[in-house]
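Engineer: Using the UniProt record's numbering, the first residue of the sequence shown is number 1, and each one after it goes up by one. For glycine and all other residues, C-beta sits at the position ideal for the given N, C-alpha and C.
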Amino acid sequence: MKVVQFFRAIESEGRNIGLPVSFVNLSGCNSNCKTCLPYTNPRDSHISIDMEVTEVAEKLLAAGLPHVYIACGEPMLQEEETIRLLDLLEQDERVKSVTVHTNGFVDIAPLVKYTKIMLSLNWCHGITMFANLDRLRPEIDMLKFIIWNKEDYHRMIVILPLVPEGIYIMLNPSPTFGAKEWLLDQVVKDRLEVRVIYPQHFSLGTF
Numbered sequence: 001m002k003v004v005q006f007f008r009a010i011e012s013e014g015r016n017i018g019l020p021v022s023f024v025n026l027s028g029c030n031s032n033c034k035t036c037l038p039y040t041n042p043r044d045s046h047i048s049i050d051m052e053v054t055e056v057a058e059k060l061l062a063a064g065l066p067h068v069y070i071a072c073g074e075p076m077l078q079e080e081e082t083i084r085l086l087d088l089l090e091q092d093e094r095v096k097s098v099t100v101h102t103n104g105f106v107d108i109a110p111l112v113k114y115t116k117i118m119l120s121l122n123w124c125h126g127i128t129m130f131a132n133l134d135r136l137r138p139e140i141d142m143l144k145f146i147i148w149n150k151e152d153y154h155r156m157i158v159i160l161p162l163v164p165e166g167i168y169i170m171l172n173p174s175p176t177f178g179a180k181e182w183l184l185d186q187v188v189k190d191r192l193e194v195r196v197i198y199p200q201h202f203s204l205g206t207f
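1. Compute the distance between the beta-carbons of residue 58 and residue 144, then report whether it is under 9 Å.
2. For residue 184, does the count of other Cβ atoms within 10 angstroms reach 16, so buried, or fall short, so exposed?
3. Going straight from the alpha carbon of residue 15 to that of residue 99, what length do you get?
4. State yes or no: is the C-beta of residue 53 within less than 9 Å of the C-beta of residue 22?
5. For residue 230, name the three-state secondary structure that DSSP assigns.
6. Looking at the structure shown, is residue 98 part of a helix, part of a strand, or coil, going by DSSP?
7. Which residues in the same chain as residue 83 place their Cβ atom closer than 7 Å to its Cβ, once the five residues preceding and following it in sequence are excluded?
8. In whole angstroms, what separates the C-alpha of residue 152 from that of residue 108?
9. How far does the alpha helix (DSSP H) with residue 156 in it extend, from its first residue to its last?
10. Using a threshold of 9 Å, state whether the C-beta atoms of residue 129 and residue 106 are closer than that.
11. To the nearest angstrom, how far is the alpha carbon of residue 61 from that of residue 189?
12. Considering only their Cβ atoms, is the gap separating residue 168 from residue 195 smaller than 9 Å?
13. For residue 86, name the three-state secondary structure that DSSP assigns.
14. Give me, in chain order, the residues of the same chain whose beta-carbon lies closer than 8 Å to that of residue 88; leave out the 5 immediate sequence neighbours on both sides.
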């Protein structure tokens, strides 16, 4: 697997908010969002290192935390390796949950067979495959809308009725989105059942 870093943090969003978790950040993404981390871009893959899947699993398990996150860039661009990693983590009794951060621009069907996996499906500029919405599992999976501008908010309003009930829905304003008061007022005005979150992981250091 092409791996950028491992670190522990206090999770700042989603169903595990407030819990200490172990992260592995991967390299490469297919959506190229403007404010994302630089190593998600394929042209910056030179800063990643190649590791065997078993090495990645052993390192995450050795971190000693029951909640694991597989994140940036897009894990499903390394589908074979990601599935093998999930198989290893799923089988280990020390692991209570694994959250896979995916932009949803790749079919997530191979992921939903896992009982411990929680998908955090990022909807960035509305590029996510609509078919993936039907694959989200109530009371397990999460859907995150990243709001860059007012147009993104209005697109989200159109999409929300398509989301299955019981999905944990988050709204993350982009750092470049300047109309935060407008956004909060609009959420109240539209009576939305979403969580407005400004994620800021509290780092517990790399490992």
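Structural biologist: Judging by the given coordinates:
1. Taking 9 Å as the cut-off, the Cβ atoms of residue 58 and residue 144 do not count as close.
2. exposed
3. When rounded, the distance between both Cα atoms is 10 Å.
4. no
5. In the structure as shown, the chain starts at 1 and stops at 207, and residue 230 therefore has no counterpart that could be examined.
6. strand
7. 110
8. Roughly 23 Å between the two C-alpha positions.
9. 150–159
10. yes
11. 45 Å
12. yes
13. The answer is helix: DSSP assigns residue 86 an H, G or I state.
14. Hits under 8 Å: 53, 54 and 57.
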